[in-house]
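From first to last, the protein sequence lines are chains A and B. Throughout, this note's numbering is defined as the position within the first sequence, counted from one, plus 894. Throughout, this note's numbering is defined as the position within the second sequence, counted from one, plus 894. For each residue, glycine too, the CB sits at the ideal point set by N, CA and C. Here's the structure, in structure tokens; my notes come after.
There are 2 protein chains.
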Amino acid sequence: MVNIKMVAKEAGVSVATVSRVLNHPETVSEDTKKHVLSIMKQLSYTPNSLARGLALNKSNTIALLIPNILNPKHMEIAKGVEDVAHQKKYNILLCNTEGKKDKEKEYINILINRKVDGIIFSNCLLSDNEIQELASQKAPVVLIGKKTRNDINVVYTDYYSGAYEATTHLVELGYKRIAHITGPRWQDENIDKEKGYEKALQDNNLPVHKKYIIAGDNDINGGYLAAKKLMRMSEPPEAIFAANDLMAIATLDAARASGFKVPENIAVVGFDNISMSALVEPKLTTVSQPIYKMGLLAARLLFDNIEYESQDYVPQSIFLQTKLKIRESCGYNKRVRQIFD
Amino acid sequence: MVNIKMVAKEAGVSVATVSRVLNHPETVSEDTKKHVLSIMKQLSYTPNSLARGLALNKSNTIALLIPNILNPKHMEIAKGVEDVAHQKKYNILLCNTEGKKDKEKEYINILINRKVDGIIFSNCLLSDNEIQELASQKAPVVLIGKKTRNDINVVYTDYYSGAYEATTHLVELGYKRIAHITGPRWQDENIDKEKGYEKALQDNNLPVHKKYIIAGDNDINGGYLAAKKLMRMSEPPEAIFAANDLMAIATLDAARASGFKVPENIAVVGFDNISMSALVEPKLTTVSQPIYKMGLLAARLLFDNIEYESQDYVPQSIFLQTKLKIRESCGYNKRVRQIFD
DNA sequence: ATAATAATTGTAATTGGTTACAGGAGTACG
DNA sequence: CGTACTCCTGTAACCAATTACAATTATTAT
């Protein structure tokens, strides 16, 4: 492999000059620059990133930690992150934490040793203090979907009001017994969704029954099981609000398996608006959040932080709104007709 | 940040000894080892990966190049790769090539400079010669889903016979006008699928109509458009074989939009068996390939190659079989009843 | 007791870059 | 002509590890 020394020798200059041609071209005379550049091309030289990283204590790498590779939501985030990282000439280390705190911590240690220039967490598991320490001592950090003290960069959606809106929608359609299939409790967003759900019920003078709140774990299987359980009840709910689309889609399937027609016998709302939710039958009514954009914004925040390398960098919180995407799974059209006819 | 020198000084030994404690502990006396280890813990020292990488010309990183982050199939592959990489203490650089050859090439150059220890390509775009050069000069390579000369590691599914089987299934169910929505031509697997489809028709004395072969680009949108086009024909097909599940699911939706009932008016078969295909209505009959396992096997192959660092390493081809997963979208039960009643 | 051998440890070169500092050449100006 | 300045370039230290080789110490055999 050709290195900087060879280029220097071949071009008859010092390695410092070669390095300068690449890093501070304005300090090199036009002639030398052209000459060195041509030698580089001739030898097809490209600098060793590890050496450069060592010298600069910087790796041109950012890490993306996500709890579940297989969830399309996280992949849309990843796409957003990749799009800006690639443009900024950074690479992405993909870390699948499986929602396990020890795996997350293990990854963090590795990442610090690798001198990653920044870390994006989708649904971080660390405590606020741990994150704060990481961000202030080791590397810029951006959190997606976790609330924290406001000295950390965060991209957050208004999960609470999204859930509130979804539940209210069900209430307005006339449903009384509304169940909620939750995501894992260690993700703040799920707590918010649950609160929004309960508040919407209360504001409409509907009782909150604990038996109608069931953990679904955010994956297909968990959602299916939870939905089945709900539908086997002696008094099954008339509507289900699932904390994500994956579970909502699984609920659609569970409904078929249980002999329930959606939305005739049971209404379903999801959360996220993944692309699949517009394809299923019936098309899923869901709370849409700008997932791709969240990844994009998180990455932009991170690079702002990286490039601003200063003590008095001020962390930002970006708070995005959700939007209820009404499709077919709540029987909007039929219900409205009934109500107004 | 504490480095090896500090540990050495604190422990009263040389840096060489400290390094040996980590890398060749058997060459260090028991006492020294314990002492150094305790100092390390006390200072919470962890070696700088960049420096180590520079010295060893190795980064403990592998790269995964995929054409589309958003396709669940590729994410299942990624999961397989991650599972073994993490266990082997390697990290993964995620590279989204978007199916563009220049982006792929750009990434490869970056990866070489970063001294990645190996590269896994899912649906590689490079020519055989380019791959061969890369693999022999730069880094171990494993290809997923591309056929090539057998001096490269490959994990391949029998796309040809998978497509053959799917098409035959449709023929046996009595469908005559069978269409095929293809994936992009630059992916070898899609050529194979098309061939398998055509062969199955020929073997059953059915004509191959070019008008029934439409490009769908492997994504939801392309699949939807292709399916729509098919169903608007004056003589629409009775069955559609889509080159992947994403397009097959989009076809289900297009059918509803066009007033076709699946499978009553039109049958649909997919390819891949992504998890969503068991959830849609009707449940998708599809050619199942062991996607997760392919990622796993590809990673294992890669690490074999990395660890075997020798001239006479013999590349392997792993050839996996598909399995037709019969569900509901072809009307298997109804048809069979008709035929045998 | 002494030589030979084995087990430990240290010195210093090496990996491939970046950059502070020094020095030389060229130009402007008094 | 000498000084001051800018502009360009080179020398060498540095980043944080690994390891060949040398040096030292301990152990064993004679």
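Distance from the CA atom of residue 1009 of chain B to the CA atom of residue 1029 of chain B, rounded to whole angstroms, is 13 Å.
Residues of chain B whose Cβ lies closer than 8 Å to the Cβ of residue 1007 of chain A are, in chain order, 940, 941, 942 and 943. Along the stretch 941-967 of chain B, going in chain order, the ones with a CB nearer than 7 Å to a CB of chain A are 941, 942, 943, 944, 945, 947, 948, 953, 963, 964 and 966. Counting only the Cα atoms, residue 1014 of chain A lies some 11 Å from residue 1197 of chain A.
At least one CB of chain A lies nearer than 9 Å to the CB of residue 1169 of chain B. For the pair of segments examined, the stretch 1038-1050 of chain A was found not to touch the stretch 1096-1111 of chain A: the number of CB pairs separated by less than 8 Å stays below three.
About 28 Å separates the Cβ atoms of residue 991 of chain A and residue 950 of chain A, ruling out a contact at the 8 Å cut-off. The C-alpha of residue 917 of chain A is placed about 19 Å away from the C-alpha of residue 906 of chain A. Among the residues facing chain B, residue 1175 of chain A is included, as its CB has a counterpart in that chain under 9 Å away. Contact between the stretch 1117-1126 of chain B and the stretch 1147-1160 of chain B is present, with at least three C-beta pairs closer than 8 Å. At a cut-off of 9 Å between C-beta atoms, residue 1160 of chain B does not count as an interface residue with respect to chain A. Each of A/1053, A/1057, A/1040 and A/1056 was checked against the Cα of residue 1080 of chain A, and the nearest Cα belongs to A/1040. Within the stretch 1140-1166 of chain A, those residues whose Cβ lies closer than 8 Å to any Cβ of chain B are, in chain order, 1143, 1144, 1146, 1147 and 1150. Comparing C-alpha distances from residue 1006 of chain B to each of A/941, A/1069 and A/1065 shows the shortest one belongs to A/941. Neighbours of residue 969 of chain A in chain B, taken as residues at a C-beta separation under 7 Å, are given in chain order as 963, 964 and 969. At a cut-off of 9 Å between C-beta atoms, residue 989 of chain A counts as an interface residue with respect to chain B. Annotation for residue 1084 of chain B: the continuous alpha helix (DSSP H) segment containing it runs 1082-1097.
For the pair residue 1142 of chain A and residue 971 of chain A, the CB atoms are not nearer than the 9 Å cut-off. Among the residues facing chain B, residue 1136 of chain A is not included, as its CB has no counterpart in that chain under 9 Å away.
Your pair residue 922 of chain A and residue 915 of chain A checks out as a contact, with CB atoms roughly 5 Å apart and the cut at 8 Å. By the neighbour-count criterion, in which 16 or more other beta carbons inside 10 Å mark a residue as buried, residue 1097 of chain B falls on the exposed side. Under a 10 Å Cβ-count criterion, residue 1090 of chain A is classified as buried, with 16 or more other Cβ atoms of the shown protein chains found around its own Cβ. The beta carbon of residue 1194 of chain B is closer than 7 Å to those of 978 in its chain, skipping five residues each way along the sequence. If you draw a 10 Å sphere on the C-beta of residue 1003 of chain B, you find fewer than 16 other C-beta atoms in it, and that means exposed. Closest option to residue 1182 of chain A, judged by alpha-carbon separation, among A/1209, A/1201, A/1174 and A/1220: A/1220.
Closest option to residue 1158 of chain A, judged by alpha-carbon separation, among A/1086, A/980, A/1068 and A/1212: A/1068. The three-state reading of DSSP puts residue 926 of chain B in helix, counting H, G and I together. Per the DSSP secondary-structure output, residue 1133 of chain B pairs in a beta bridge with B/1072 and B/1161. When the beta-carbon positions are compared, residue 1000 of chain B and residue 986 of chain B stay at least 9 Å from each other.
Counting only runs that start and end inside the stretch 1004-1032 of chain B, the beta strand (DSSP E) elements of at least 3 residues fall at 1012-1016. Here the C-alpha atom of residue 1099 of chain A lies approximately 44 Å from the C-alpha atom of residue 1154 of chain B.
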